[in-house]
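Asker: Numbered according to mature numbering (1 follows the signal peptide of the UniProt record, and there is no 0), the sequence shown spans residues -32 to -1, 1 to 230. This structure is in C-alpha cells; I'll ask about it shortly.
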Amino acid sequence: MIDANFARYRSAGFAGAALALGIGLAMPSAHATQQIVGPQSMSSPPAISETLTARQQSIPLIASFMAASDMPRLNVALNDALDAGLSINEAKEVLVQLYAYAGFPRSLNALGELKKVVDARAQRGIQDVTGPESTSQVPIGEALIAAGKDTQTRISGGPVQGPLFDFAPVINQFLQAHLFGDIFARNNLDWQSRELATVGALAATPEAEAQLRSHMRASMRVGLSAAQLRQLAQVLDEHGDAQAGARASLALTQALAQLAGR
C-alpha cells in the first residue's frame, strides 16, 4: 500500500527534465543478475523485499521533482520524506548525487529548497534526525579511478565499454573517478537508496531511456526486487508524473526481458 500522505503531489504541475549522465551509454560485456555487496550505510545490505518502505518511496519522488525543477512538489516531497524517516543528511546526499544526472543548477536549487524545508520545520518545533556524515576514506589519483571502475563494473554487471567510450574515453574516466569513485564510495547512503534516486531522476528525464533501463538492472544487482521497482513506477505514476511512471514501467519490463535473455 502506498503511503497516503503522497496524495498531495497530484495538485501541482510537472516541468521539463534534464540531460542524464550515467551508466547505460554503453552495454556492459555481461548481464549478471546476482546481488552485489558494496559500501553501504549499514554493516550489511538490506534483505530483498517485495515492497518499498515509506522512506524508500519518498526517494524517487524527490529525485523526479528535482530533475524536473518542480520546486513546489519537491517541497512537499521533502517534507514527507523527513516525516517518513529520511534523515537530513540522507536527503542532502540524494540531491548532491543527482547533480551528476540532472546538473549543478538543479542540484543547487534543490539543496536550497531542502534548507528552506529544514528551517521551516525547525521553526515549527519539528526535530528531524540529522543523520551521520560520510566517514569513507575516498582514495585519490589512480587509486580513485581503480576503485570507481570496480564499483562501476559491479553495479553494471560487467565492464562498461563500447563505441561511445572509444570515441570519448574521458567521459568514462569521469564516471569512474567521480560518480562511482567520489560519490558512490560515500557511506552515508546505501546503494539501494542511490539507485532509487537515480531511477527517479532518469524516469523524469525524456530521452534517457537507455540509462533508465541500465539503472533498472543495476537496482536489481544492489538488492532491489522487481516487485519493488514495479511499486516505484506505480508511486511515480500516482503521486509524481504519469509519463515518468510509464517510462519506469517500460524500462523495467525491458530490463527484465534483457536479463532473461529475450
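By construction, the Cβ of each residue, glycine as well, lies at the ideal position given by its N, Cα and C atoms. The model shown is predicted, which means the values in this text are computed figures rather than measured ones.
Specify the secondary structure class of M(-6) as computed by DSSP and reduced to three states.
Answerer: Confidence in M(-6) is poor, its pLDDT being 44 and thus under 50, which makes the residue's placement unreliable; the coordinate value appears in the next sentence. M(-6) falls in the coil class under three-state DSSP.
Asker: Quick check on DSSP: helix, strand or coil for V64?
Answerer: In this structure, V64 counts as helix in the three-state DSSP scheme.
Asker: Alpha carbon to alpha carbon, how far is I123 from L157? Give it in angstroms, no decimals.
Answerer: Computed Cα separation, rounded: 15 Å.
Asker: DSSP three-state label for V97, please.
Answerer: In this structure, V97 counts as coil in the three-state DSSP scheme.
Asker: Distance check for E163 and P28, CA to CA, integer angstroms please.
Answerer: In a straight line, the C-alpha of P28 is about 9 Å away from that of E163.
Asker: Name the residue from S26, Q25, L143 and A35 whose alpha carbon lies nearest to the alpha carbon of A169.
Answerer: For the residues S26, Q25, L143 and A35, the minimum Cα distance to A169 belongs to A35.
Asker: Alpha carbon to alpha carbon, how far is R198 from N155?
Answerer: In a straight line, the C-alpha of R198 is about 27 Å away from that of N155.
Asker: CA-CA distance, S217 and Q91?
Answerer: Cα to Cα, S217 sits roughly 40 Å from Q91.
Asker: Below 8 Å on the Cβ atoms is my contact criterion, and I expect S55 with V85 to pass it. Report the Cβ-Cβ distance as a whole number of Å.
Answerer: Wrong, their Cβ atoms sit about 13 Å apart, outside the cutoff.
Asker: For K60, does the count of other Cβ atoms within 10 angstroms reach 16, so buried, or fall short, so exposed?
Answerer: Counting Cβ neighbours within 10 Å, K60 comes out buried, since at least 16 surround it.
Asker: Please check if any C-beta of chain D sits within less than 8 Å of the C-beta of V203.
Answerer: The chain labelled as chain D is not found in the depicted structure, where only one protein chain is given.
Asker: Pick out whichever of Q129, L192 and H146 has its Cα sitting closest to the Cα of E110.
Answerer: Of the candidates Q129, L192 and H146, the one whose C-alpha sits nearest the C-alpha of E110 is H146.
Asker: Note the first and the last residue of the continuous alpha helix (DSSP H) segment covering I123.
Answerer: Run containing I123: G109 to S124, per the alpha helix (DSSP H) assignment.
Asker: Measure how close the beta-carbons of T16 and S187 come, nearest whole angstrom, since I'm counting them as under 8 Å.
Answerer: A small correction: the amino acid at residue 16 is Ile; Thr does not occupy that position in the sequence shown. Actually they do not touch by this definition, with Cβ atoms about 11 Å apart.
Asker: What does the Cβ neighbour count give for Q105, buried or exposed, with the cut at 16 atoms within 10 Å?
Answerer: Flag for Q105 reads exposed.
Asker: Please list the segments of the alpha helix (DSSP H) lying wholly inside the region 126 to 193, counting only runs of 4 or more residues, in order along the chain.
Answerer: Within the region 126 to 193, the complete alpha helix (DSSP H) runs of at least 4 residues are 131 to 135, 137 to 142, 159 to 171 and 177 to 189.
Asker: When DSSP labels each residue in this structure, what does G229 get in the three-state scheme?
Answerer: Three-state result, G229: coil.
Asker: Relative to the C-alpha of A88, which residue among V62, V44, A212 and L112 is closest?
Answerer: It is V44.
Asker: For Q179, which of E18, L220 and F152 has the nearest alpha-carbon?
Answerer: Q179 has its Cα closest to that of L220, out of E18, L220 and F152.
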